[in-house]
Amino acid sequence: MGKQIIGDPLVINGRRLSLSRAVRAGDFVFLTGQVPMQSDAVMTHGSIEDQTRAVLEDITKTLALAGCDRNDVVKSMVWLTNQDDFPGFNSVYSEYFPENPPARSAIVSDLLVDAKVEIEVVAFKPQP
20 MGKQIIGDPL VINGRRLSLS RAVRAGDFVF LTGQVPMQSD AVMTHGSIED
70 QTRAVLEDIT KTLALAGCDR NDVVKSMVWL TNQDDFPGFN SVYSEYFPEN
120 PPARSAIVSD LLVDAKVEIE VVAFKPQP
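One point on numbering: in this note's numbering, the residue at position 110 of the sequence shown is 129, and numbering is uninterrupted.
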């Protein structure tokens, strides 16, 4: 079984990006790192909580396109631009993964866009 592209191409600020929203490979679904978006533009305003919630809502929608939900997420990778934002990020993140959370890595780094957070996830969902 080959790879399957999930969802429409990503567009930011009117420009189509050269990456897939998500890719299924066998029983795994890999989501591209997601930054907070509003009306196809990067969300550069709002608190870390607002931006984290926006990212996790988009991740939830993309997972649904692949026939998955947040319970299928086995790994997440988080980038924050400010270490002081971790408590606020973690508070919202724990609302979305309240039980049996996925394995997670987090780093502090500059992002390619002017946002506070980026999250990438991998889900495991056996195909029928």
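Glycine is no exception: its CB is placed at the ideal position from the N, C-alpha and C atoms.
Opposing strand residues paired with residue i [DSSP bridges]
i      : result
Leu99  : Val127, Val136
Val92  : Ala142
Ala122 : Lys94
Ile25  : Ala41
Sequence-distant residues of its chain with Cβ nearer than 8 Å to residue i (five each side left out)
i      : result
Ala73  : Pro55, Met56, Gln57, Met62, Gly65
Gln102 : Val127
Val30  : Leu36, Asp59
Glu118 : none
Presumed contact (8 Å Cβ cut-off) between residue i and residue j, rounded CB distance
i      : j      : result
Phe143 : Asp91  : 6 Å
Thr71  : Ala41  : 19 Å between Cβ atoms; not a contact.
Ile67  : Phe116 : Ile67 to Phe116, Cβ: 17 Å. No contact.
Glu139 : Thr51  : 7 Å
Asp104 : Lys135 : 6 Å
6 Å Cβ shell around residue i - same chain, five flanking residues per side excluded
i      : result
Ser124 : Met96
Leu75  : Tyr115
Ala122 : Lys94
Contact check, residue i vs residue j, beta carbons under 8 Å
i      : j      : result
Val141 : Val93  : yes
Leu131 : Thr100 : no
Arg34  : Pro28  : no
Gln53  : Glu114 : no
Residues of its chain near residue i, where Cβ-Cβ distance is below 7 Å and the 5 sequence neighbours each way are ignored
i     : result
Gly26 : Arg40, Ala41, Thr81, Leu84
Asp77 : Gln53, Met56
Ile24 : Ser39, Val42
Gly86 : Lys144
Can you list the beta strand (DSSP E) stretches of 3 or more residues lying completely in the stretch 29-66, in chain order?
41-44, 47-50
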